Amino acid sequence: MSFDLETAKLSDKLRRVAIEPVSRVEGHGKVTILLDDDDKVHQVRLHIVEFRGFEKFIQGRPYWEVPVMVQRLCGICPVSHHLAASKALDIIVGATQLTPTAEKVRRLMHYGQILQSHALHFFHLSSPDLLFGFESEVGKRNIVGVAAAYPDIAKKGVLLRKFGQEVIRITAGKRVHGTGSIPGGVNKSLSREDRDFLLKDAYQMVSWSREAVHLIKQLHQQNPALYDIFGSFRSNMMSIVAPDGGLDFYHGALRARDADGKIMFDQVDYQGYAQLLSEGVKPWSYMKFPFITALGEENGWYKVGPLARVQNCNHIPTPLADAERNELVAYGKGAPLHATLAYHWARMIEMLFAAETIKDLLHDEDLMGDDLVVSGEHQREGVGVIEAPRGTLIHHYRVGDDDLVTMANLIVSTTHNNQAMNTAVREVAKRYLDGKKLTEGLLNHIEVAIRAFDPCLSCATHALGKMPLEVTLQDADGNLLDRLAKVSHGDD
Amino acid sequence: MSLVDNSTSISFLIDGEEIPFVKGQSILQAALAAGKYIPHLCYHPEFKPNGSCKLCTVKINGRPGASCITQAEAGLSVESDTPEINDKRRTLLQMLLVEGNHFCPSCEKSGNCMLQALAYDLGVMSPHFPQIFPVRLVDASHSDILLDFNRCILCEICVRASDEVDHKNVFAFSGRGITKHLIVNAESGRLADTDFLATDKAAQVCPVGVILPKRMGFTIPIGRRKFDERPISEQMEKVADAAGIAIRESSP
Numbered sequence: 001m002s003f004d005l006e007t008a009k010l011s012d013k014l015r016r017v018a019i020e021p022v023s024r025v026e027g028h029g030k031v032t033i034l035l036d037d038d039d040k041v042h043q044v045r046l047h048i049v050e051f052r053g054f055e056k057f058i059q060g061r062p063y064w065e066v067p068v069m070v071q072r073l074c075g076i077c078p079v080s081h082h083l084a085a086s087k088a089l090d091i092i093v094g095a096t097q098l099t100p101t102a103e104k105v106r107r108l109m110h111y112g113q114i115l116q117s118h119a120l121h122f123f124h125l126s127s128p129d130l131l132f133g134f135e136s137e138v139g140k141r142n143i144v145g146v147a148a149a150y151p152d153i154a155k156k157g158v159l160l161r162k163f164g165q166e167v168i169r170i171t172a173g174k175r176v177h178g179t180g181s182i183p184g185g186v187n188k189s190l191s192r193e194d195r196d197f198l199l200k201d202a203y204q205m206v207s208w209s210r211e212a213v214h215l216i217k218q219l220h221q222q223n224p225a226l227y228d229i230f231g232s233f234r235s236n237m238m239s240i241v242a243p244d245g246g247l248d249f250y251h252g253a254l255r256a257r258d259a260d261g262k263i264m265f266d267q268v269d270y271q272g273y274a275q276l277l278s279e280g281v282k283p284w285s286y287m288k289f290p291f292i293t294a295l296g297e298e299n300g301w302y303k304v305g306p307l308a309r310v311q312n313c314n315h316i317p318t319p320l321a322d323a324e325r326n327e328l329v330a331y332g333k334g335a336p337l338h339a340t341l342a343y344h345w346a347r348m349i350e351m352l353f354a355a356e357t358i359k360d361l362l363h364d365e366d367l368m369g370d371d372l373v374v375s376g377e378h379q380r381e382g383v384g385v386i387e388a389p390r391g392t393l394i395h396h397y398r399v400g401d402d403d404l405v406t407m408a409n410l411i412v413s414t415t416h417n418n419q420a421m422n423t424a425v426r427e428v429a430k431r432y433l434d435g436k437k438l439t440e441g442l443l444n445h446i447e448v449a450i451r452a453f454d455p456c457l458s459c460a461t462h463a464l465g466k467m468p469l470e471v472t473l474q475d476a477d478g479n480l481l482d483r484l485a486k487v488s489h490g491d492d
Numbered sequence: 493m494s495l496v497d498n499s500t501s502i503s504f505l506i507d508g509e510e511i512p513f514v515k516g517q518s519i520l521q522a523a524l525a526a527g528k529y530i531p532h533l534c535y536h537p538e539f540k541p542n543g544s545c546k547l548c549t550v551k552i553n554g555r556p557g558a559s560c561i562t563q564a565e566a567g568l569s570v571e572s573d574t575p576e577i578n579d580k581r582r583t584l585l586q587m588l589l590v591e592g593n594h595f596c597p598s599c600e601k602s603g604n605c606m607l608q609a610l611a612y613d614l615g616v617m618s619p620h621f622p623q624i625f626p627v628r629l630v631d632a633s634h635s636d637i638l639l640d641f642n643r644c645i646l647c648e649i650c651v652r653a654s655d656e657v658d659h660k661n662v663f664a665f666s667g668r669g670i671t672k673h674l675i676v677n678a679e680s681g682r683l684a685d686t687d688f689l690a691t692d693k694a695a696q697v698c699p700v701g702v703i704l705p706k707r708m709g710f711t712i713p714i715g716r717r718k719f720d721e722r723p724i725s726e727q728m729e730k731v732a733d734a735a736g737i738a739i740r741e742s743s744p
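Protein sequences appear in the order of chains A and B. Under my numbering, think of the first position of the first sequence as 1, with each following residue one higher. Under my numbering, think of the first position of the second sequence as 493, with each following residue one higher.
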């Protein structure tokens with residue numbers, strides 16, 4: 001099956017424009033656009049070369065290595081992989097209930113991760129587009145430009161991220177690729193000094209996160225003609241939610257709503273995810289296209305991540321974030337928001353939720369307990385699911401009698417959003433590029449749509465700010481008509 | 493009152509520093525006893541030295557020699573911590589790193605590994621040589637111990653421990669030159685088919701991550717591992733302890 005603008009007829013008569021790689025996202029990806037002689041768009045595809053070798057080379061390794069090994073999939077949100085793998089291996093080692101200290105240290109680690117990743121995405125990667133405009137001067141459309149024009153915003157963004165990284169360092173041992181979570185628990189708790197060190201800044205982080213929500217909300221409400229329409233498309237939404245339907249990034253059960261907000265399934269134990277979800281394959285992309293099996297590939301695809309989560313849950317368990325969520329929900333006037341740029345609004349609400357949760361957790365004495373690990377009757381199979389910054393993350397392992405991994409299956413957040421991102425860029429191409437002469441600013445509209453999802457295009461490969469970008473325009477005979485290039489040191 | 497009678501003490505020089513020794517000590521033993529660090533991998537204080545890793549090579553009166561198998565003698569002039577010798581040691585480490593499959597990022601011995609600690613201490617910044625990526629297996633047949641042959645540096649300490657202390661002769665070397673590798677002395681080649689026990693001396697002496705207890709890993713947090721705080725050359729007591737069971741015992 002094929003979606004609108006996914007596959008053009010008579011593609012050999014069309015000219016091809018490639019945005020390769022997409023910039024200000026994590027990892028490497030490209031967009032190809034096929035146009036006819038009248039610049040009418042016939043095909044748009046987001047291609048992602050995601051390295052999935054991990055599923056293979058985890059096989060044959062001892063299971064206790066996996067949470068540390070698999071997090072190398074990513075340099076931005078390794079904690080998500082570290083914890084999703086640990087949760088799957090909790091099942092394997094029979095740890096059905098972690099100690100309060102272990103669970104809370106892991107939660108703190110994860111909420112620190114959400115905070116730093118969301119801050120990085122909003123301030124460093126996306127704020128240049130949102131503050132300066134999609135077609136603003138490209139040389140200033142970056143975090144350095146933001147720092148020059150809005151030094152206070154840039155400073156808070158940098159310090160919010162730094163705080164999240166410090167939470168990770170203290171709980172995992174390192175800012176990136178720590179070892180804190182192990183099957184059945186954690187290898188360390190917090191010292192009182194660690195706790196006090198974080199607590200002294202925690203209230204400030206709540207305040208700055210709230211300011212960030214207000215900033216994006218203001219941008220959205222000031223320009224609804226753009227923010228409500230840009231890249232908007234209707235789709236299902238999926239995430240895990242707490243037993244009471246509240247937002248929870250660390251643990252819960254699967255819930256999905258349709259495009260009208262009606263719950264399709266709820267409180268489904270993720271150990272059975274394989275019965276619920278399938279993955280489609282297309283010949284032009286290395287990344288699979290997950291969908292809800294019962295609905296089929298055409299109707300069963302869905303969004304994950306902030307916009308899905310904030311609307312999928314019933315409430316947010318911290319007061320400031322919940323109030324902001326209520327405003328977002330009210331903005332939809334009874335219908336779910338499907339605006340791609342509303343991802344930023346939802347993401348900042350989540351950052352506020354993370355900051356409030358960190359602040360609350362830091363008052364919990366259990367964080368400094370010394371009962372760290374439990375185990376029970378070993379099992380041969382386990383699934384761990386977590387809400388990573390970019391969406392639902394599934395890790396599934398089988399382990400043999402000799403303690404070596406025999407099977408690994410990972411469905412990462414960006415993979416869930418594959419169809420959603422493709423649909424978003426097609427909507428943008430239709431509305432903004434169709435029939436127009438291409439400019440860098442117009443092509444940036446495509447990238448703005450992709451950035452809203454905060455995709456991790458190739459986990460573990462990061463060349464932020466150094467990516468070469470070349471866009472070539474050829475006629476139907478392959479002759480070069482136009483060329484835009486950004487060289488590797490970041491100049492235009 | 494000093495226990496050493498200075499009038500009859502004998503000594504030699506390492507890098508101009510006077511090192512006392514007792515007869516029968518090797519240069520390396522005397523140096524370590526005096527708190528003077530000489531890099532080494534295959535030396536273990538409880539076993540007869542075999543001089544195989546060559547990391548402890550020094551210049552003895554101008555001639556290169558392995559300090560673990562060269563007897564200390566009065567009046568020797570030994571050079572150890574010199575740019576020339578350390579450069580050779582870096583090369584040896586780089587060769588060891590490419591001859592095996594050493595993936596420190598996911599190795600649970602990271603931070604407690606003598607090979608890694610020496611590489612950091614001597615400033616090995618890259619493998620330099622092309623990786624060989626040998627095909628080596630993991631033996632998970634034993635109920636309590638995992639063998640990951642990918643990380644073997646052929647130090648022979650486990651072979652000596654199993655033979656000299658455990659009297660089991662579980663490990664041996666096979667092959668020659670670049671194909672030389674550690675094997676298990678069983679017809680099947682599997683550890684499960686030997687009388688090896690997790691309490692054996694040989695289970696506790698591996699300086700890298702080959703012989704490991706099963707179902708536990710990464711139990712020591714970053715910051716509290718052996719070589720997190722100070723480089724290996726500044727932690728003589730931990731060097732003597734040679735990695736292995738001491739780490740496990742101190743884990744939470």
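We put the beta carbon where it would ideally sit given N, CA and C, even for glycine. On a predicted model such as this, the values are computed, not experimentally measured, just so you know.
Check, Outcome
"In angstroms with no decimal places, state the Cα-to-Cα distance between residue 462 of chain A and residue 333 of chain A.", "Low local confidence applies: a pLDDT of 22 at residue 462 of chain A is under 50, so the model's placement there is unreliable, and no value is given."
"Measure the alpha-carbon distance for residue 13 of chain A versus residue 340 of chain A and round it to whole angstroms.", "32 Å"
"Apart from the five residues on each side of it in sequence, which residues of its chain come closer than 6 Å, Cβ to Cβ, to residue 209 of chain A?", "351, 352, 355"
"Output needed for residue 508 of chain A: all residues of its chain with C-beta closer than 7 Å, excluding positions within five of it in sequence on either side, in chain order.", "For chain A, the structure presents residues 1 to 492; residue 508 of chain A sits outside this window and is missing."
"Please state the DSSP three-state secondary structure of residue 31 of chain A.", "strand"
"Roughly how far, in whole angstroms, is the beta-carbon of residue 374 of chain A from the beta-carbon of residue 101 of chain A, given that I think they are within contact range, below 8 Å?", "Their Cβ separation, rounded to whole angstroms, is 11 Å, which puts residue 374 of chain A and residue 101 of chain A out of contact at 8 Å."
"Under the rule that 16 or more other beta-carbon atoms within 10 Å means buried, what is residue 80 of chain A, buried or exposed?", "buried"
"Taking only beta-carbon atoms, is residue 633 of chain B less than 8 Å away from chain A?", "yes"
"When DSSP labels each residue in this structure, what does residue 224 of chain A get in the three-state scheme?", "helix"
"What residue from A:84, A:115, A:450 has the CA that sits closest to residue 408 of chain A's CA?", "A:84"
"Is it the case that the segment 23 to 41 of chain A contacts the segment 362 to 372 of chain A, given that we only count it when at least three CB pairs across the two stretches are under 8 Å?", "no"
"Could you name the residues of chain B that residue 26 of chain A contacts, counting a contact when the two beta carbons are closer than 7 Å?", "None at all; the shortest Cβ gap to chain B is about 19 Å."
"For residue 176 of chain A, I'd like the list of residues in its chain whose CB is within less than 7 Å of its CB, leaving aside the five on either flank, ordered along the chain.", "75, 78"
"Return the CA-CA distance between residue 141 of chain A and residue 284 of chain A, expressed in angstroms with no decimal places.", "31 Å"
"Would the beta-carbon of residue 648 of chain B fall within 8 Å of that of residue 534 of chain B?", "yes"
"In whole angstroms, what is the alpha-carbon distance linking residue 38 of chain A and residue 336 of chain A?", "36 Å"
"So, with DSSP's three-state summary, where would you put residue 563 of chain B?", "strand"
"Using a Cβ-Cβ cut-off of less than 7 Å, list which residues of the segment 699 to 721 of chain B approach chain A; keep chain order.", "706, 707, 708, 709, 710, 711, 712, 713, 714, 715"
"My output table needs one value for residue 467 of chain A: the three-state DSSP class, helix, strand or coil.", "Confidence is the limiting factor: at residue 467 of chain A the pLDDT is only 36, short of 50, which leaves the residue's position unreliable, though a coordinate-based value still follows. Coil, per DSSP."
"Please report the distance separating the alpha-carbon of residue 466 of chain A from that of residue 669 of chain B.", "A caution first: residue 466 of chain A carries a pLDDT of 34, below 50, which makes its placement in the model too unreliable to give a value."
"Checking 8 Å against the spacing of the C-beta atoms, do residue 424 of chain A and residue 233 of chain A come in under that value?", "yes"
"Going by Cα to Cα distance, which pick from B:666, B:665, B:651 is closest to residue 460 of chain B?", "Residue numbering for chain B in the displayed model covers 493 to 744; residue 460 of chain B lies beyond these limits and cannot be assessed."
"Could you please give the first and the last residue of the uninterrupted beta strand (DSSP E) stretch that includes residue 665 of chain B?", "663 to 666"
"Which residues in the same chain have their Cβ closer than 7 Å to the Cβ of residue 717 of chain B, if we skip the five residues on either side of it in sequence?", "603, 604"
"From the DSSP output, which residues share a beta bridge with residue 302 of chain A?", "A:236"
"How many whole angstroms separate the CB atoms of residue 173 of chain A and residue 179 of chain A, which I take to be in contact at a CB cut-off of 8 Å?", "5 Å"
"Check the C-beta distance from residue 235 of chain A over to residue 338 of chain A and give it rounded, since I have them as a contact under 8 Å.", "7 Å"
"For the structure I just gave you, are there three or more beta carbon pairs, one from the segment 103 to 113 of chain A and one from the segment 151 to 161 of chain A, closer than 8 Å?", "no"
"Round the Cβ separation of residue 397 of chain A and residue 376 of chain A to the nearest angstrom and send it over; I've been treating them as touching at under 8 Å.", "With 8 Å as the limit, residue 397 of chain A and residue 376 of chain A do not qualify as a contact, their Cβ atoms being about 17 Å apart."
"Just tell me which of B:528, B:523, B:517, B:525 has its CA closest to the CA of residue 540 of chain B.", "B:517"
"DSSP three-state call for residue 726 of chain B: helix, strand or coil?", "helix"
"Listed from N- to C-terminal order along the chain, which residues in the segment 159 to 190 of chain A have their beta-carbon within a distance smaller than 7 Å of any beta-carbon of chain B?", "173, 174, 177, 178, 179, 180, 182, 187, 188"
"Whole angstroms are fine: how far does the CA of residue 317 of chain A sit from the CA of residue 328 of chain A?", "16 Å"
"Closest to residue 203 of chain A by C-alpha separation, out of A:160, A:403, A:410, would be which residue?", "A:160"
"Does the beta-carbon distance from residue 447 of chain A to residue 19 of chain A come in below 8 Å?", "yes"
"DSSP three-state label for residue 278 of chain A, please.", "strand"
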